[in-house]
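For reference, the structure discussed in these notes is given below.
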C-alpha cells in the first residue's frame, strides 16, 4: 500500500458515515486520526485494526485539548457531531474554532442537516436544526468548508421493533413497513456504509476550489415508500407491504430526546408533507435536465424530477452524488445482499 501524504481528522468514528470514510481512507493510504466516544464494540475494534488509523477516545464537549489533539497536523477533516454526546451546537462550534486555531486544515467537511423552519411554515427538527446552526457558524469563520446532507440510510431497516424503519416480519413470511410518510412521497436514500466513504474521498480530491461553501446531498436514489417496498419484494422474493400511519409506532424504550425527534418527523413529513430537503438548490432542476415527471430511483433512471406530496425532487439531488461515486448500491441491491446479513448478525433466522 502506498502511504498518502495527507491526514484526515474524523469525529464520531464509529458512526456509519465516519466509519465508511475511515475504511476507504485507510485502504487508499491516508493517515486517519479519529475521535470516538468508546473503544468498545465491533466497529471500534475493526477500525483499530486498519492500517494508518489511530482512534482517540474521550469526551469532546468543552475539551479544547482533545479537539486540538484530533485535528493536529491534519489537512482534511470530516466532522459529524451527534446530540447523544451533549450540547451539539456548542461542540460543533468548538470543533470549528479548533480547526481554525490549528491552522492546518485545508478542507473542512461538516455533516449537516436542514432546519425546516428557515425554509417554510414548518417546525425545525431538534436533532437536525442544531446541525444547521453549526453549519452557519462554520460559514462565518471563513475556513474552507463543504456541507454534506445525508439522505435516509438504507441501513436503518431492520425487522427488530425499532421505531420508524421496522421492516416487520409477518406470520406468513412477508414484510410490512409502517411509517407516516405518504405512500407516494419522494424520499432520498443512500447506503451509508457502502457509499459515504467513496463520495467523501472524491470531495476531498476535488478540494475546496470546487466545493468551498457548497451543500451536497449525499443521496443516490429517490424512492417513495411504495417503491422501497417493491424493491424489498423483488430482492427477497417475499411480499412487502407499506402501511401508512398517522404516528410513528414506538415499541421499545428510546433515548431521551428522541421521542421529540420522532414526533417532529411524523408531523413534518406525514401531516405537513414538507420536502425532505427544503433548500432551493436541492429542488430546482439542473440545467439540461429532462422536464418530464417520473421516478428518480433505479440505476437506469433518467427522469428529471419526481413529483409527490412532499413537492418536486430534482434529479440534481441524486446526479451530484452519482458523479462523486458511480459505484453506489441501490435499495434492491441492499435488500438482497446486505439486509439478510445484518439481520442474521442481529440473531434473526428468517433468512435461513
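Numbering (this note's numbering), first residue to last: 1229 to 1580. Note that beta-carbon positions come from the ideal geometry of N, C-alpha and C, so glycine has one too. As the structure is a prediction and not an experimental result, all values here were calculated from the model.
Can you list, in chain order, the residues of its chain with a C-beta nearer than 6 Å to that of residue i? Leave out the 5 residues immediately preceding and following it.
i: residue 1343; result: 1352, 1357, 1360
i: residue 1252; result: 1425, 1426, 1429
i: residue 1393; result: 1384, 1385
i: residue 1278; result: 1254
i: residue 1483; result: none
i: residue 1389; result: 1479, 1480
Could you tell me which residues DSSP puts in a beta bridge with residue i?
i: residue 1261; result: 1237, 1282
i: residue 1443; result: 1375
i: residue 1307; result: 1239, 1338
i: residue 1405; result: 1395, 1470
i: residue 1415; result: 1451
i: residue 1484; result: Its beta-bridge partners do not exist; DSSP assigns none.
i: residue 1386; result: 1394
i: residue 1478; result: Answer is none; residue 1478 lacks a bridge partner.
i: residue 1381; result: 1418
Within its chain, find whatever has a CB closer than 7 Å to the CB of residue i; leave out the 5 residues flanking it on each side and keep chain order.
i: residue 1576; result: 1387
i: residue 1198; result: In the structure displayed, the chain extends from 1229 to 1580; residue 1198 sits before or after that span and is not available.
i: residue 1500; result: 1350
i: residue 1579; result: 1568, 1571, 1572
i: residue 1363; result: 1338, 1340, 1375
In the DSSP assignment, find the beta strand (DSSP E) that holds residue i and state where it starts and stops.
i: residue 1471; result: 1468-1472
i: residue 1335; result: 1335-1340
i: residue 1449; result: 1449-1451
Roughly how far, in whole angstroms, is the beta-carbon of residue i from the beta-carbon of residue j, given that I think they are within contact range, below 8 Å?
i: residue 1418; j: residue 1379; result: 5 Å
i: residue 1476; j: residue 1490; result: 5 Å
i: residue 1447; j: residue 1346; result: Incorrect: roughly 20 Å between the Cβ atoms, too far for contact.
i: residue 1281; j: residue 1262; result: 7 Å
i: residue 1377; j: residue 1445; result: 5 Å
i: residue 1237; j: residue 1305; result: 4 Å
i: residue 1329; j: residue 1404; result: No, residue 1329 and residue 1404 are not in contact; Cβ-Cβ is about 51 Å, not under 8 Å.
i: residue 1354; j: residue 1449; result: Actually they do not touch by this definition, with Cβ atoms about 27 Å apart.
i: residue 1409; j: residue 1498; result: 7 Å
In the DSSP assignment, find the alpha helix (DSSP H) that holds residue i and state where it starts and stops.
i: residue 1560; result: 1559-1565
i: residue 1293; result: 1292-1299
i: residue 1365; result: 1354-1369
i: residue 1217; result: Look at the range of the chain in this structure, 1229 to 1580, and you will see that residue 1217 is not part of it.
i: residue 1547; result: 1543-1552
i: residue 1328; result: 1316-1330
i: residue 1346; result: Per DSSP, residue 1346 belongs to no alpha helix (DSSP H) and is neither H nor E.
i: residue 1254; result: 1244-1255
i: residue 1577; result: Looking at the DSSP string, residue 1577 is not in any alpha helix (DSSP H), and its letter there is neither H nor E.
i: residue 1501; result: Residue 1501 -> no alpha helix (DSSP H), and no H or E assigned at all.
i: residue 1274; result: 1270-1276
Less than 8 Å between C-beta atoms, sequence neighbours within five positions excluded: which residues of the same chain meet that for residue i?
i: residue 1243; result: 1308, 1310
i: residue 1289; result: 1313, 1314, 1315, 1318, 1319, 1322
i: residue 1548; result: 1444, 1445
i: residue 1348; result: 1502, 1506
- Query: Can we say the stretch 1414-1434 touches the stretch 1246-1260, given the rule of at least three CB pairs closer than 8 Å?
  - Reply: At 8 Å Cβ cutoff, the stretches touch.
- Item | the stretch 1426-1441 in contact with the stretch 1249-1268 per 3-pair CB rule at 8 Å | Yes, since at least three Cβ pairs between the stretch 1426-1441 and the stretch 1249-1268 fall closer than 8 Å, the two stretches touch.
- Touch check for the stretch 1397-1404 and the stretch 1297-1311: three-plus C-beta pairs under 8 Å? Counting Cβ pairs under 8 Å, fewer than three are found: no touch.
- Message: Does the contact criterion of 3 or more C-beta pairs under 8 Å hold for the stretch 1406-1418 versus the stretch 1495-1507?
- Response: The stretch 1495-1507 and the stretch 1406-1418 touch, with three or more beta-carbon pairs separated by less than 8 Å.
- Query: Would you say the stretch 1553-1567 touches the stretch 1457-1473, given that touching needs at least three Cβ pairs under 8 Å?
  - Reply: Contact holds: three or more Cβ-Cβ distances are below 8 Å.
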